[in-house]
Every structure is written in C-alpha cells, then in structure tokens.
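Sequence positions in the sequence shown follow full-length UniProt numbering and run 1 to 352.
Even for Gly, the Cβ is constructed at its ideal location relative to N, Cα and C.
Since the structure is predicted, the reported quantities are computational estimates derived from the model, not experimental observations.
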Amino acid sequence: MADKEECEGSEDETAKHDDGRIVRIEELRGTRFVIDIDRAHLQNTRFMAEYDIATRQVSEYVNGIVNKGWPAEEMWESIRDPAQVIRDECEDVFSKLALGSDDYQGRPFSDLCRMRTYHIDFEKREAGWLDVIVRDGKVYAPGFGIRPLPTTELPASCKDVKQIEASQVMIMESEGYPAHGKVEVDGVVRWLKPRSYESVDFDRELPILVQVQQLRQQGSRMRVSNLAGLVLCEQTVVAMLLDNIIPSAEGGQLLDEGLWELHDRHAQWESQVRRSVEELHSHDIVWGDVNAGNVFIDKEYNAWVIDFGGMNNPDFVDDDKRETKEGDWQGVQRMFGEWLPERYAEIRQAKG
Numbered sequence: 001m002a003d004k005e006e007c008e009g010s011e012d013e014t015a016k017h018d019d020g021r022i023v024r025i026e027e028l029r030g031t032r033f034v035i036d037i038d039r040a041h042l043q044n045t046r047f048m049a050e051y052d053i054a055t056r057q058v059s060e061y062v063n064g065i066v067n068k069g070w071p072a073e074e075m076w077e078s079i080r081d082p083a084q085v086i087r088d089e090c091e092d093v094f095s096k097l098a099l100g101s102d103d104y105q106g107r108p109f110s111d112l113c114r115m116r117t118y119h120i121d122f123e124k125r126e127a128g129w130l131d132v133i134v135r136d137g138k139v140y141a142p143g144f145g146i147r148p149l150p151t152t153e154l155p156a157s158c159k160d161v162k163q164i165e166a167s168q169v170m171i172m173e174s175e176g177y178p179a180h181g182k183v184e185v186d187g188v189v190r191w192l193k194p195r196s197y198e199s200v201d202f203d204r205e206l207p208i209l210v211q212v213q214q215l216r217q218q219g220s221r222m223r224v225s226n227l228a229g230l231v232l233c234e235q236t237v238v239a240m241l242l243d244n245i246i247p248s249a250e251g252g253q254l255l256d257e258g259l260w261e262l263h264d265r266h267a268q269w270e271s272q273v274r275r276s277v278e279e280l281h282s283h284d285i286v287w288g289d290v291n292a293g294n295v296f297i298d299k300e301y302n303a304w305v306i307d308f309g310g311m312n313n314p315d316f317v318d319d320d321k322r323e324t325k326e327g328d329w330q331g332v333q334r335m336f337g338e339w340l341p342e343r344y345a346e347i348r349q350a351k352g
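Structure (structure tokens):
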C-alpha cells in the first residue's frame, strides 16, 4: 500500500516505482483515491494484460508522433489510455465512495486541503480476475497537488505576512483547475496561488513578493504582482493570495490574441515592463521566467510583470541565462522586439 508521502504532490497521475509497483492517484467528486498496483502479484491477470497492451500502444504512438509525424490530437481516438484501464477496474468503488461534487464554486479552499482519502489495492483471485480492496477512508490529505509548508519553516522575511485561514477563502470559479484562480476573502476578490507540486517556484516567489511589498510601502509604484496574504490550513502554508488584476476587454495575458492587434499600445507596454524590470534589478531582484504569459494587461491597458517562480521559457530566455538579469533583458527584447511584432504581422496577414 502506498504511504502518504508517496502520494502527496500528485493529482490524477500515475507514478512507476523501481520495484515495479504502479501508483495511480485519482481525485473525483471531492474524494481522493490512491491506487497501488503490485505488478509482481498481478501477472497473468486480465487487468495486467490490458494495462500492458495500452502502455505499449502509447509508447508506439508517441514514437510515431516524434518520428513519423502522426497527429498528436488523434492519439486517444486511436488507442486506450492506460489510466482508463485502471479507472475502469475501480468504477464500482468510485461510484460508492465518491459522493461529493467536482463543482468547487462557493466552497472554502479548506475543502481542497483536506480531502477524504482511500487507498485501494488489487488482489488476484481465480481465473485471472481481481478483487478491489479498499482501505482507510478516515485519512484526510491535501488534494490537487497541494504541498503544505509548516509555518515554522517560513523564511524569516515572510513570518509577518498577513495569514488567513483556508476556511475563510471561498472559491469563485467552478470550471477548470480549482486550486488556483479567483477567490473571495471578506468580500474582496483575490487571486490564489497554491503551494503545489511546483513548490520550488512558490518558495522562490514568496520572498520576492514580500520584498516588493516592502518597496511599495517605501513609495514604489512599479506594476508587479502584489502579495495580499498567506493561506493557512492546520498551521501550514497552503497558498498565497495576490491582488486580483482585472484584465482589459481584449484579454489579460499578452498571449491573448486580442491584445496583439493593439499595435498602438505595444510601445507603451514595452516601456512599462522595462521600467519595472529596471527597478527590480536595482534591488537585486531577478524576474526569471520572462515570457508572454507573464505580462498582464489590466483594464486600463497598463502592463504588469507577474510570476516570479523562476526557471525559463527557452523561446524567450536561453538556458544559460536562466534566472539572471541578462536573461531578463534578453526575454524582454525577444518579447517586444520579435515575438509581439510577429504576432501582430500574423493577425494583419490573416485579415488580408
């Protein structure tokens, strides 16, 4: 049976272990299932045969995409998902135990931090069939890849940040991935970013946003994400709250096609981003992951710098310049000197 540590930080994904075990995590209607499959004990079963066939077909199709130009979008029309083989085996259990809802709108964020968790084992019986054995059910664990950080492990600079209980944070959006997005706290709309399986990004961004917050208190007016607080569940940090930036009518991220057509504003946005980066650098803060998804245009058509999780998008910043000031400037130049003009030209050409 998989232990808790193995399962945290994953959602709806499959992990293969060196000992041949397969651990699959499913989150369904507010319930978390950790499915532990021991290949060595399940040989010569119908299930294992179907799973191995599906796995082999996936490998063959991926090879076809890479080497033969097969259409990636048709992959699941042609073959069976190995994960679905596992789901089908557990269908009766899911129906009986997953009694909640996948609609999280209007529910507290704490519901995602404490999901009822069942462990499932497969046991071989006669004629190659399986018994599905359910264990636990009294265990509660974070869902959606949330990785709690004990408050005692917060960096010293972050210990005075306002703290809000997860039960007071209400989820506003019902579609898509509910662990991040717009939330309401005491009647105010905020943007929530969980400390998830990408916890390294969270841990890099938090001290930077605290430093930016301090600079604002000293009079800085740079347009950069503003930290509004930390979300706690049982004395652990599970998310951060940011001020919600209302997007322009044409879109928010610079990736939105509606913004590409606003050619008269492109120079303004470049200037605003450059000023923000200059001020960040003057305080030895590196933006890091410079790309069009991390420039946000607000309702007044001003450009904001967002996301300090680090790493790099090689379309904008070369790997050898990752998380450096030089990389920031390379990314800004490529974004406004190459990428955005090319997108504008594409739009113009498409319209004739």
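Asked: Contained alpha helix (DSSP H) runs [length at least 4] in the region 171 to 256, N- to C-terminal order; Found: 199 to 217
Asked: Residue 225, buried or exposed, once every other Cβ within 10 Å from all chains shown has been counted against 16; Found: buried
Asked: Those residues which DSSP pairs with residue 140 across a bridge; Found: 116
Asked: Beta-bridge pairing of residue 27 - partner residues as DSSP gives them; Found: 32
Asked: Buried/exposed call for residue 82, threshold 16 Cβ in 10 Å; Found: buried
Asked: Backbone secondary structure at residue 264 - three-state DSSP; Found: helix
Asked: Proximity below 8 Å, CB of residue 92 to CB of residue 30; Found: no
Asked: Straight-line Cα distance separating residue 115 from residue 99; Found: 12 Å
Asked: Where the alpha helix (DSSP H) through residue 349 begins and ends; Found: 340 to 350
Asked: Local Cβ density within 10 Å of residue 7, reported as buried at 16 or more and exposed below that; Found: Residue placement at residue 7 is poorly supported in this model, since its pLDDT is 38, which falls under 50; the coordinates still yield a value, given next. Label assigned to residue 7: buried.
Asked: Classification of residue 44 by the beta-carbon crowding that lies within 10 angstroms, buried from 16 upward; Found: exposed
Asked: Inter-residue spacing [alpha-carbon to alpha-carbon] between residue 127 and residue 26; Found: 28 Å
Asked: Where residue 306 falls, given that 16 or more other Cβ within 10 Å makes a residue buried; Found: buried
Asked: Residues near residue 143 by beta carbon distance below 7 Å, same chain, minus five either side; Found: 11, 27, 32, 112, 115
Asked: Cβ-based neighbour list, residue 51, same chain, cut-off 6 Å, excluding 5 preceding and 5 following; Found: 82, 85
Asked: Cα-Cα separation, residue 105 to residue 182; Found: 10 Å
Asked: Helix, strand or coil at residue 22 [DSSP, three-state]; Found: strand
Asked: Runs of alpha helix (DSSP H) lying entirely within the region 74 to 122, each at least 4 residues, in chain order; Found: 75 to 78, 82 to 89, 91 to 97, 110 to 113
Asked: Contact under 8 Å by Cβ, residue 109 with residue 166; Found: yes
Asked: Through-space distance from residue 240 to residue 210, alpha-carbon basis; Found: 11 Å
Asked: Short Cβ contact (8 Å threshold) for residue 303 with residue 269; Found: yes
Asked: Beta-carbon spacing of residue 207, residue 146 below 8 Å; Found: no
Asked: Residue 255 versus residue 292: straight-line alpha-carbon distance, rounded; Found: 6 Å
Asked: Contact the region 121 to 139 vs the region 215 to 225: 3+ CB pairs below 8 Å; Found: no
Asked: The region 147 to 163 touching the region 54 to 74, judged by at least three CB pairs closer than 8 Å; Found: no
Asked: CA nearest to the CA of residue 366, picked from 140, 328, 160; Found: Because residue 366 is not part of the residues shown, which for the chain are 1 to 352, the question remains open.
Asked: DSSP three-state assignment for residue 323, whether helix, strand or coil; Found: coil
Asked: Identity of the residues DSSP links to residue 129 by a beta bridge; Found: Beta-bridge pairing links residue 129 to no other residue.
Asked: Contacting residues, own chain, Cβ-Cβ under 7 Å from residue 244 (five flanking each side not counted); Found: 182, 189, 190, 191
Asked: Start-to-end residues for the alpha helix (DSSP H) that takes in residue 47; Found: 46 to 68
Asked: Which residues DSSP lists as bridging residue 149, in chain order; Found: 237
Asked: Segment limits, beta strand (DSSP E) that includes residue 72; Found: Segment: none, residue 72 is in no beta strand (DSSP E) and carries neither H nor E.
Asked: Option nearest residue 235 by Cα separation, candidates 148, 227, 264; Found: 148
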